[in-house]
Structures are given as C-alpha cells and as structure tokens.
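J.:
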Amino acid sequence: MKEKHSDIIVALDMDLGEAKEIVHELGDLISMYKVGLELFLQSGKEILAFLHQEQKGVFLDLKLHDIPNTVKEATLNIISYPNVMLYTLHASGGANMIRASVHASRNSSVLPIAVTVLTSFTTEEWQEVFPLPNVHESAVALARYACNAGAKGVVCSAHEVAAIKQAVGTSCITVCPGIRPSGSAQQDQKRIVTPSEAIENGADYLVMGRPITEAYSPRDAVKDILKEVEQAKRHRK
11 MKEKHSDIIV
21 ALDMDLGEAK
31 EIVHELGDLI
41 SMYKVGLELF
51 LQSGKEILAF
61 LHQEQKGVFL
71 DLKLHDIPNT
81 VKEATLNIIS
91 YPNVMLYTLH
101 ASGGANMIRA
111 SVHASRNSSV
121 LPIAVTVLTS
131 FTTEEWQEVF
141 PLPNVHESAV
151 ALARYACNAG
161 AKGVVCSAHE
171 VAAIKQAVGT
181 SCITVCPGIR
191 PSGSAQQDQK
201 RIVTPSEAIE
211 NGADYLVMGR
221 PITEAYSPRD
231 AVKDILKEVE
241 QAKRHRK
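For the sequence shown, the working numbering gives the first residue as 11, with consecutive numbering after it.
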C-alpha cells in the first residue's frame with residue numbers, strides 16, 4: 011500500500027456514509043484518498059480503519075501547526091495508522107517544528123508534506139495577511155525553507171510546481187489541490203488549473219474533490235480525468 015498507483019488523490023470532504031459510498035463506487039480506479047479536518051473530526055479512526063480495510067492509502071491532511079513538541083507527538087500518532095502515506099504540516103510553522111515532525115516520522119514510510127500557500131489565496135488576499143512578495147514567490151520560498159528542514163514534499167498550486175522543482179530539486183513531491191477539469195465550477199479555489207496543465211507543469215499528485223464526488227457519475231468522471239492525465243504525460247515526454 012505504501013506505493014503510488016495513480017496520480018489522483020480524491021478528497022473525501024463529506025460525512026462518513028458518503029465517503030464510504032464514493033470509495034466503493036470508485037473501486038480500483040483510485041488508490042489514495044485525502045482525509046482532511048472535516049471528515050477526521052467527524053469520524054477519526056473509523057474512516058482510517060475503513061480505508062485500511064479497503065486497501066486504500068491515505069493522505070492525512072490535518073495541516074499541523076503548533077509548537078515543536080506538540081507536532082512531534084501528533085506525528086507519532088499519525089504514523090501509527092498503517093495506511094497513512096502522506097501527512098501535512100504548515101511550512102510557516104518554522105524549521106524547528108518541521109524538524110521535530112520529520113524526526114518523529116524518520117523510522118516510518120510516512121512522508122511529511124509541507125503546506126506552502128493555500129490555493130484559496132489570491133496575491134491580494136495573501137498580501138493582506140503577510141507583507142511578503144506575491145503568492146508565487148512566497149510559495150517557492152516556503153517550499154525551499156520546508157525542504158531544507160527535512161520535509162519530503164510540499165502542497166502547492168500547480169502554477170508553482172515547475173519553479174519549486176527548479177528551486178529544491180525534482181525529488182520534492184508536489185501535491186496539488188485546486189485542480190478543475192475544463193468547464194468545472196471554480197468554487198472556493200482561486201489559483202486553479204486543469205489536470206493536463208498540472209501534469210505538464212510537473213505535478214506528482216493531483217488532489218480533486220467536488221469535480222469527482224459531486225459528478226453525476228463519479229466513476230466516469232475519474233475515468234475521463236485519468237485519460238487526460240495519461241495524454242498529458244505522453245505530451246510531457
């Protein structure tokens with residue numbers, strides 16, 4: 011289970027019953043699911059146990075951001091789940107926090123992934139909160155900072171993938187939310203790209219929720235996206 015089977019991570023931003031239905035419907039098309047705050051706070055261990063039973067990997071997206079010791083202890087709990095493959099912590103939590111988490115996960119195969127700039131931010135909104143350069147430059151700087159502290163990859167917009175890979179190396183795993191097939195509603199994401207654009211930019215994992223889970227046929231939606239991804243891979247070569 012600790013290996014990559016597909017590029018798509020489906021976000022289970024829903025209640026437990028709906029999540030189980032989606033996983034059953036998608037079957038062998040998807041091998042990893044995102045469990046975020048919404049579902050984890052509702053059902054916690056139950057959803058992780060269910061995904062383990064279904065032999066699915068988990069991207070545990072809790073975005074840890076606290077003092078180093080608290081994050082270290084949280085990480086020790088995270089790596090105790092047998093099907094967690096990736097987990098998130100905020101790059102802005104600082105190098106000591108990141109190092110504490112990396113150290114706690116060092117004897118496991120679970121990879122710490124640092125969140126750079128949420129894809130719900132525009133440059134204008136980002137600069138209202140942080141008196142820093144634009145979103146693109148900030149994401150690259152945070153990626154470099156987090157990877158220097160030991161993070162194995164980053165969560166970023168696909169817009170920033172190429173620059174991040176150039177800055178920190180191609181071994182940096184890039185996990186990209188804000189992916190919308192052509193014609194999909196933008197919803198609360200601001201910096202969005204299509205699946206093919208993300209792959210052509212060098213993204214490793216594409217995180218997609220509502221365009222799949224709210225589709226008339228989630229299974230058909232995934233099949234279409236996977237075809238687009240494969241075409242983009244061939245074009246990239």
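Yeah, the Cβ is synthetic: ideal placement off N, Cα and C, and Gly gets one too.
1. Do the CB positions of residue 29 and residue 57 come within less than 8 angstroms of each other?
2. So, residue 99 versus residue 70, is the Cβ gap smaller than 8 angstroms?
3. Just to confirm, is the Cβ distance from residue 35 to residue 228 under 8 angstroms?
4. Looking at residue 133 and residue 152, is the spacing between their C-beta atoms short of 8 angstroms?
5. For residue 122 and residue 245, what's the separation of their Cα atoms in angstroms?
6. To the nearest angstrom, report how far apart residue 13 and residue 51 are at their CA atoms.
7. So within the region 140-201, which uninterrupted beta strand (DSSP E) runs reach at least 3 residues, ignoring any that extend past its ends?
8. By alpha-carbon positions, which one of 160, 165, 169, 157 ends up nearest to residue 144?
9. If you reduce the DSSP assignment to three classes, tell me which class residue 100 lands in.
10. Relative to the C-alpha of residue 72, which residue among 240, 175, 85, 179 is closest?
11. Restricting to runs no shorter than 4 residues, where is the alpha helix (DSSP H) found entirely within the region 112-144?
12. Can you check which of these residues, 239, 165, 220, is closest to residue 23 by C-alpha distance?
T.: Here's the rundown:
1. yes
2. no
3. yes
4. no
5. 30 angstroms
6. Only weak support is given to the placement of residue 13: the predicted model assigns it a pLDDT of 40, under 50, and the value that follows is read from those uncertain coordinates. In a straight line, the C-alpha of residue 13 is about 26 angstroms away from that of residue 51.
7. 163-165, 183-186
8. 169
9. strand
10. 85
11. 133-139
12. 220
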